[in-house]
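2 protein chains.
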Amino acid sequence: MATIQDIGVSAAINILSAVIFLLAFAFLRLQPINDRVYFPKWYLKGTRQSPSHGGAFVRKFVNLDMRSYLKFLSWMPAALQMPEDELISHAGLDSAVYLRIYLTGLKIFVPITILAFLVLVPVNWTNDTLEGLKVEHSDIDKLSISNIPFGSKRFIAHLTMAYVFTFWTCYVLLREYEIVATMRLRFLASEKRRPDQFTVLVRNIPPDPDESIGELAEHFFLVNHPDHYLTHQVVYNANKLANLVKEKKKMQNWLDFYQLKYERNASKRPTVKTGFLGCFGSKVDAVEHYTSEIERIEKEEAEEREKIVKDPKLVVPAAFVSFRSRWGAAVCAQTQQTSNPTVWLTEWAPEPRDVYWDNLSIPIVHLTVRRLIIAVAFFFLNFFYVIPIAFVQSLANIEGIEKAVPFLKPIIEMPAIKSFIQGFLPGIALKIFLILLPSILMFMSKVEGLTSVSSLERRSASKYYIFLFFNVFLASIIAGSALEQLQTYLHQSANQIPRTIGVAIPMKATFFITYVMVDGWAGVAGEILRLKPLVIFHLKNFFLVKTEKDREEAMDPGSIGFDSNEPQIQLYFLLGLVYAVVTPFLLPFILVFFVLAYVVYRHQIINVYNQEYESAAAFWPSVHGRIITALIVSQLLFLGLLSTKGAGQSTPVLLVLPVVTFYFHKYCKNRYEPAFVEYPLQEAMRKDTLERAREPGFDLKTYLASAYIHPVFKGEDDEKFSMMDEGEADQVLVATKRQSRRNTPVPSRNNGSEAPSMPEIVNDQRL
Amino acid sequence: MATIQDIGVSAAINILSAVIFLLAFAFLRLQPINDRVYFPKWYLKGTRQSPSHGGAFVRKFVNLDMRSYLKFLSWMPAALQMPEDELISHAGLDSAVYLRIYLTGLKIFVPITILAFLVLVPVNWTNDTLEGLKVEHSDIDKLSISNIPFGSKRFIAHLTMAYVFTFWTCYVLLREYEIVATMRLRFLASEKRRPDQFTVLVRNIPPDPDESIGELAEHFFLVNHPDHYLTHQVVYNANKLANLVKEKKKMQNWLDFYQLKYERNASKRPTVKTGFLGCFGSKVDAVEHYTSEIERIEKEEAEEREKIVKDPKLVVPAAFVSFRSRWGAAVCAQTQQTSNPTVWLTEWAPEPRDVYWDNLSIPIVHLTVRRLIIAVAFFFLNFFYVIPIAFVQSLANIEGIEKAVPFLKPIIEMPAIKSFIQGFLPGIALKIFLILLPSILMFMSKVEGLTSVSSLERRSASKYYIFLFFNVFLASIIAGSALEQLQTYLHQSANQIPRTIGVAIPMKATFFITYVMVDGWAGVAGEILRLKPLVIFHLKNFFLVKTEKDREEAMDPGSIGFDSNEPQIQLYFLLGLVYAVVTPFLLPFILVFFVLAYVVYRHQIINVYNQEYESAAAFWPSVHGRIITALIVSQLLFLGLLSTKGAGQSTPVLLVLPVVTFYFHKYCKNRYEPAFVEYPLQEAMRKDTLERAREPGFDLKTYLASAYIHPVFKGEDDEKFSMMDEGEADQVLVATKRQSRRNTPVPSRNNGSEAPSMPEIVNDQRL
């Protein structure tokens, strides 16, 4: 049992390390040489140039202005000054709403903390149960519910507070949902024209022997959306080409590296070995080698480009279909096209930069199977991940290594190395796994076949949350791996489980306080230091950078990392809500986390992170849903705890809470979730009307022409792959190759293939 | 433990009673006087007239043709002869697909029965575990899994069969889903024009101080669906008027009754007392009294009709909006209209006769609360219904009655009456509850606010199924009321529950065999006899019928009663799937039920039931879902059973089944459910195009004008309440009362209210 003194020491250490991080940051950010590490966002925006204060050469690298060091926390108010509207236009709605998660945390927990300290702490403190029991206990336990005697009437205070906290949390959530929904709608209604407002992603276009995918799509939409269809963009399977481009870039980097080396030391031409990892094979001149490699890849690339244009097999059965108006696109995206719901699937096109191209070609029948496989795999990952790690750990001990590589025995037996292996190696397998976990989860989400980066991140985030819930939260409380928990859940009765967990909760408060300080405080302070990007930037800057453009590319602004950061915030919501009634002493630590994280991330969003996509806060429903989950978990655990405290008669009173919370969630879902999923026709019509009145002659087709081409085609050969390639989009009367069937509209087996036989009738109607 | 002899006796009794019912039916249906009871469907269709074989007077009432009695089962082949397409056009798709539920049962269980008898029965029979144990057992138990020794290798046979049965069931379900979906699509695509194909139900039209609901709706849709909007029909709150009409009809019935009485016995004018239930108050002349009553009601009715037309408060904030094309309606029904998802809610209009008018005015914010209340109420009804019944039963004993009404004591103490009360009264409370249950569930569904009769019936059916599952299936197996079960579920661990239930399953086989015979065989045979409608028809015929029209109204054809009948079929699916592996001896009894029920209901659907609405088989997804539920339950219970039989190592092998079944369900849901929820645009466009080509000048507006008026307005004053009342629907340029705001399109707080200020712009664009 940790005493307040222990906590104090721990807090001091963590505050100290946080302060060191912040000081280091304050120092490093002022050095001009690090400018691109700490302010990349501004470089990307083009409003900041590499520092070139006239003056001395050294000034380019080191800041000699002593006064600026004195105000080493000046970034904090600066980070808070930018108003929200400016933030949205500077960094996008996603970033602004992401910051609101921290704000929501503050809004929920500041009043709860005050109330808990005013009401619950005195109620808990003025007992002497723990002293009477003569068990070992700390002062923190005296502040917690553990200090209330069995069956006491004082539990009424906790019960009331459980109600108050629930209603307050729900109220804040409701308000926030409303605010975010309004922000999203305002953002979507904002004046800027965007290609995705007019475009629908169509997947699973059924194959047709007579027509190409492009023709098929055009005919289908000309028939079924005659007044609205504008143009379309077929999707090419350019995965191989993308790989070539990536390889070329790698080679180019090596070439730059050796050229720089040669320039700096002109006396000796650098050489390289052609074999595996540059360690084996014959020695050749490095510059020549890489130049010829690049030429080879360029040739292959050109061939591949030719092939993509010519080979119809490289056209994916998907297309981006654009409409004349937002209304037309909104209609198409929200309706079912054919009677077979597995073909001609329409959904809103993601933003061009948000598209995850690799998954566009997956047929829908595979999706169910893929999801099943991933669900099973995730189940095992969640509950059984300890098994392979234990296996690796069993190998990674002294005896295991000595057996596997006997010739290393003399080295391993050296005392220093031996103690290192014994003390460090077992943990390293787990550490590597935890570092790799977000990537594993992202890989799983990719297998599931989602088509936009934003939805991939959302999916990974929910997987990560589940993992944290079982393997950090519950595992710490009942001190068992998720696998052992699974045993418990299967073998214990439904009303025993919350009791088992609930009883252990007050005892783990000190552990979680330490956790919040290490993971929350120091972790967030570490985030602002950006140690890894700092090192990598300087390495690249030294070895690779030749031109200003190279330097641009050497910057790694990173992004918010919704898939791994949001679940971690959610863990704090969970801890806060669970401990609010039980051990209010934990709440201030969480408050500090929220404040610190809010400031730090606001700074990072303004100065560092580069937004990868704009989903217009599409993630809020899952953020909301997870806070609701945390609330219900906290209610059930509190119920379990109270029923072991001789307050079993409170169970029905407390059971009301989860039921009401669940229906509150349903209400919110009905009321606000559509704003994140659908696109109302009224809004679409309003924007269309306004825009037509303002810019009557706007050429939408040209505007949309190259919006949705694969990034590897960007720039050089837009025209070749763009929507304009068929040059016949203006012809409303479509020429079809199926002359024989032209005037006999018999229903064909294939749903899509009948479409082209009908445009004549449609056009007769319209003329 | 019942032996095969006991089962034989029980079977003989039930078969005998079924045969008696069938014979009685065969006799009664041949009597011309009963013609309207057994063939009302044909009268309603107008293809059958009251029997008037020339000949003798007696022939009108009694069938004297002796030969017809010999072929007393001749209705059976007749019922089977009508081909499915004809059946669909005769009785609707709902009825035809309803019959497919029985067919599905046969398709699933015939091969399963054969396989189980070929494989499992020999495997079970050739053991002597039960004899070795020397426990009391019957021959049926020797055929069941109970006869396999603990930990035997023979369980592999059962395991394999569990897999085979699962895959067969899934295969049949998949095929049936596909067939039904195709039938539905073909039905919807069939040539007949129907008002609901063009119409969308709009709910929660936000109030506006300047315009009436009708104007508001017109303006909104003219702006947001300018090319497609045709006309609309406001909904009046005519609940009071409907009550008046109902009351008038009752008075008319009494008037008819007394007039007939007077005609038959002209010597004495009938009198009636005006007080409560005709028992108290002053005596008046009956004919005069009811004539004046009817006059009074007619006056009130006329006033009410006037009021409805004039009072804007009696206009419900909902409207039926019709479009020029199916395409336009499909678009509007499937999209969100405004950014506030709680106003301007659109959904497909139900068929006119399917509309449940009373619920059209419920605001959407109430719906969540109503659902919460009903969910809680249903939870208590399901698990706690025994409590009030036990309370009533405790009152309904001798002492209770004697205390309540002491003056009855001498009568009650009479031995005959006493034994009657003791033996009968306690059961009667339960019986009354069970008879009332479907009505209670329907009432609950109505409170939930659904707007069509078909969806009300579907909702009630799922409630009833849950009730049957807990209170008949599980209550019979573990022999506890649902309340006691709830205790078990809460106090037992998750893997103990299927074990507890699984172990009890083989022991209850004989009970369920008897249940199938009583409830299934005799019940279905009783259904065809239609005893209650028979009696009521003859009573009405004698007392009320004056004209041919009265006789028409005295017929009570009834309908399938999806809400109470379908869950009962599902119980047989559940029993069949659960016992298929455990006690295959039960399967033939279920087969007999399915065959008998199929023939009987096919006969009833052809000759008796009057279809109340046409939902185009919208209920199939829930039928499918419940069979899947039954399958998963059977798998889990079998898993629990095996784990107590020393075959615990089979658990992982069996756990695969529910997971795969669940994902099979998800696959089916993705693949086929949209066909029951959405309306594909391609189909809509195809029908529109064909229809326009065939009937270019069709006046859709007149056709739709009176389709969606409240049934109480039907006939007499169509024009007054129909869509044409405003006479300005053709004006595309809408005159609005808000002159001041007309040219200033500032976004107003209310989402709906901005709409009318924009048509000018829209029209400029279109001209």
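From first to last, the protein sequence lines are chains A and B.
Under the UniProt record's numbering, the first sequence has 471 at position 471, and the numbering climbs by one with no breaks.
Under the UniProt record's numbering, the second sequence has 629 at position 629, and the numbering climbs by one with no breaks.
All C-beta atoms, glycine included, are put in the ideal place defined by N, C-alpha and C.
Model, not experiment: these values are computed from the prediction.
So residue 658/B contacts chain A; which residues on that side make the cut at Cβ distance below 7 Å?
As a working note, residue 658/B is residue 658 in the second sequence. Residues of chain A passing the Cβ test: none, with the nearest at roughly 12 Å.
For residue 155/A and residue 501/A, what's the separation of their Cα atoms in angstroms?
To locate residue 155/A, count along the first sequence from 1; it is residue 155. To locate residue 501/A, count along the first sequence from 1; it is residue 501. Going from the Cα of residue 155/A to the Cα of residue 501/A covers about 19 Å.
With 8 Å set as the bound, which would you pick, yes or no: does the beta-carbon of residue 223/B sit closer than that to a beta-carbon of chain A?
Position 223 of the second sequence holds residue 223/B. By this cut-off, residue 223/B is an interface position.
Can you find a CB in chain B that lies within less than 8 Å of the CB of residue 236/A?
What you label residue 236/A is simply residue 236 of the first sequence in a count that begins at 1. Output row for residue 236/A: interface = no.
Cβ of residue 717/A less than 8 Å from any chain B Cβ?
Residue 717/A sits at position 717 when you count from the first residue of the first sequence. Reliability fails at residue 717/A, whose pLDDT of 49 lies under 50, so the model's placement of it is uncertain and no value is given.
At least three beta-carbon pairs within less than 8 Å, the stretch 230-242 of chain A to the stretch 366-377 of chain A
no
The stretch 545-563 of chain A: which residues have C-beta closer than 8 Å to a C-beta of chain B, in chain order?
none
Using a Cβ-Cβ cut-off of less than 8 Å, list which residues of the stretch 470-493 of chain B approach chain A; keep chain order.
489, 490, 491, 492 and 493
Using C-beta distances below 7 Å, list every residue in its chain close to residue 11/A, excluding the 5 sequence neighbours before and after it, in chain order.
Counting from 1 along the first sequence, the entry for residue 11/A is found at position 11. Within the same chain, residue 11/A has close Cβ partners 517.
Euclidean distance between Cα positions of residue 493/B and residue 148/A:
Sequence index remark: in the second sequence, residue 493/B carries index 493 (1-based). Sequence index remark: in the first sequence, residue 148/A carries index 148 (1-based). Near 30 Å, if we compare the C-alpha coordinates of residue 148/A and residue 493/B.
Closer than 8 Å at the beta carbon, the chain A residues around residue 98/B
One-based indexing of the second sequence puts residue 98/B at position 98. The premise fails here: residue 98/B is roughly 22 Å from chain A at the closest Cβ pair, so nothing lies under 8 Å.
If you compare alpha carbons, which of 219/B, 39/B, 714/B and 235/B is closest to residue 228/B?
What you label residue 228/B is simply residue 228 of the second sequence in a count that begins at 1. Considering only alpha carbons, the answer is 219/B.
Check whether residue 655/B and residue 639/B have beta carbons under 8 Å apart:
Within the second sequence, the letter at position 655 stands for residue 655/B. Within the second sequence, the letter at position 639 stands for residue 639/B. Cβ atoms of residue 655/B and residue 639/B: closer than 8 Å.
Answer with buried or exposed for residue 128/A, where buried requires no fewer than 16 other C-beta atoms within 10 angstroms of its C-beta.
For the purposes of this step, residue 128/A is taken as the residue at position 128 of the first sequence. Residue 128/A is exposed by the Cβ-count criterion.
Just to confirm, are residue 7/B and residue 488/B a CB contact at a threshold of 8 Å?
Position 7 of the second sequence, counting from 1, holds the residue named residue 7/B. Position 488 of the second sequence, counting from 1, holds the residue named residue 488/B. Against a cut-off of 8 Å, the Cβ pair of residue 488/B and residue 7/B comes out as no contact.
Taking only beta carbons into account, state which residues of the stretch 169-201 of chain A come closer than 7 Å to chain B, listed in chain order.
185
Considering only the beta carbon of each residue, do residue 234/B and residue 180/B sit closer than 8 Å?
On the second sequence, position 234 is the one that residue 234/B refers to. On the second sequence, position 180 is the one that residue 180/B refers to. Result no, Cβ atoms of residue 234/B and residue 180/B do not sit closer than 8 Å.
Quick one: which chain B residues come within Cβ less than 8 Å of residue 674/A?
To locate residue 674/A, count along the first sequence from 1; it is residue 674. Result: 336 and 341.
Roughly how many angstroms lie between the CA atoms of residue 611/B and residue 42/B, to the nearest whole one?
Your numbering for residue 611/B matches position 611 in the second sequence. Your numbering for residue 42/B matches position 42 in the second sequence. If I take the Cα positions, the gap works out to 12 Å.
May I have the straight-line CA-CA distance separating residue 342/B from residue 683/A, to the nearest angstrom?
On the second sequence, position 342 is the one that residue 342/B refers to. On the first sequence, position 683 is the one that residue 683/A refers to. Taking the straight line from one Cα to the other gives about 15 Å.
So what's residue 345/A in DSSP terms, helix, strand or just coil?
Taking the first sequence and counting its residues from 1, the one referred to as residue 345/A is at position 345. Correct three-state label for residue 345/A: strand.
Could you tell me which uninterrupted beta strand (DSSP E) segments, each at least 3 residues in length, are contained entirely in the stretch 248-295 of chain A, listed from first to last along the chain?
271-273 and 283-285
Exposure label - residue 326/B; buried when at least 16 CB within 10 Å:
For the purposes of this step, residue 326/B is identified with residue 326 of the second sequence, where counting begins at 1. Buried, since its Cβ has 16 or more Cβ neighbours within 10 Å.
Using CA atoms only, rank isn't needed, just tell me which of 455/A, 113/A and 194/A is closest to residue 576/A.
As a working mapping, residue 576/A is identified with position 576 in the first sequence. Closest option to residue 576/A, Cα to Cα, is 113/A.
Classify residue 568/A as buried or exposed, calling it buried when 16 or more other Cβ atoms lie within 10 Å of its own Cβ.
Within the first sequence, residue 568/A is the residue found at index 568, counting from 1. The residue is buried, with at least 16 neighbouring Cβ atoms inside 10 Å.
Using only the alpha-carbon positions, how far apart do residue 336/A and residue 675/A sit?
Taking the first sequence and counting its residues from 1, the one referred to as residue 336/A is at position 336. Taking the first sequence and counting its residues from 1, the one referred to as residue 675/A is at position 675. If you take the alpha carbons of residue 336/A and residue 675/A, they lie about 20 Å apart.
Within the same chain, show all residues whose beta-carbon is closer than 8 Å to that of residue 54/A, passing over the 5 residues directly before and after it, in chain order.
To locate residue 54/A, count along the first sequence from 1; it is residue 54. Because the pLDDT of residue 54/A is 45, which lies under 50, any placement of that residue in the model is unreliable, and the number read from its coordinates should be weighed accordingly. Here the set comprises nothing.
Taking DSSP as the reference, what is the three-state secondary structure of residue 554/B?
Residue numbering aside, residue 554/B sits at position 554 when the second sequence is read from its first letter. Reduced to three states, the DSSP call for residue 554/B is helix.
Per DSSP, what kind of secondary structure is residue 366/A in: helix, strand or coil?
Here residue 366/A corresponds to residue number 366 of the first sequence, with the count starting at 1. Reduced to three states, the DSSP call for residue 366/A is helix.
As a quick exercise: from 478/A, 15/A and 607/A, pick the residue whose alpha carbon is nearest that of residue 769/A.
What the structure shows of chain A is the stretch from 1 to 767, and residue 769/A is not part of that stretch, so it cannot be assessed.
So which residues on chain B does residue 107/A lean against when the C-beta distance must stay under 8 Å?
Here residue 107/A corresponds to residue number 107 of the first sequence, with the count starting at 1. The contacting residues do not exist; residue 107/A stays about 24 Å from chain B at best.
Quick one: Cα of residue 294/B to Cα of residue 259/B, how far?
Locating residue 294/B in the second sequence gives position 294, where the first residue counts as 1. Locating residue 259/B in the second sequence gives position 259, where the first residue counts as 1. Computed Cα separation, rounded: 14 Å.
Fully enclosed by the stretch 585-624 of chain B, which alpha helix (DSSP H) runs are 4 residues long or longer?
587-607
Please report the Cβ distance between residue 231/A and residue 701/A, rounded to the nearest whole angstrom; I am assuming they are in contact, meaning their Cβ atoms lie under 8 Å.
Numbered from its first residue, the first sequence carries residue 231/A at position 231. Numbered from its first residue, the first sequence carries residue 701/A at position 701. With a Cβ gap of about 6 Å, residue 231/A and residue 701/A count as contacting.
DSSP state of residue 235/B mapped onto helix, strand, coil:
The sequence position of residue 235/B within the second sequence is 235, counting from 1. In the structure shown, residue 235/B sits in a strand (DSSP, three-state: E or B).
If contacts are defined as beta-carbon pairs under 8 Å, then residue 253/A and residue 685/B qualify, I think. What distance do you get, rounded to the angstrom?
Here residue 253/A is taken as the residue at index 253 of the first sequence, counted from 1. Here residue 685/B is taken as the residue at index 685 of the second sequence, counted from 1. In fact, because the Cβ distance is near 54 Å, the residues do not count as touching under 8 Å.
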